[in-house]
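Peer 1: Under our numbering, think of the first position of the sequence shown as -18, with each following residue one higher.
Built from N, CA and C at the ideal position, the CB exists for glycine as well.
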Amino acid sequence: MSDEDKMIKKLEEHRDLKKMIVEIGKYHNIRVTETEGNDSRGDFSYPSEKKEELIKAIDEYIGHHKYIKKGE
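1) What does the Cβ neighbour count give for I2, buried or exposed, with the cut at 16 atoms within 10 Å?
2) How would you write the range of the alpha helix (DSSP H) that G6 sits in, first residue to last?
3) DSSP three-state label for K17, please.
4) Roughly how many angstroms lie between the CA atoms of I39 and S(-17), to the nearest whole one?
5) Would a C-beta distance cut-off of 7 Å place S29 and T14 closer than the cut-off?
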């Protein structure tokens, strides 16, 4: 795989992860918006009072979709 292909793959994975977080927030009625322009504050903006609720929702999603390799 070329360096460019590796970079594209990383960007696609990053994009997809960001979209997933926004969707999880939407499902739990938490307004999560993507930041733009390599914002130094991070990839997302969400109400600070919803932080723990969002983390819990993400943890639950990951727990339900965790991939475990066979033989482990």
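Peer 2: According to the structure shown:
1) buried
2) -16 to 8
3) The sequence as given places Glu at residue 17; Lys does not occur at that position. DSSP places E17 in coil when its eight states are reduced to three.
4) 33 Å
5) no
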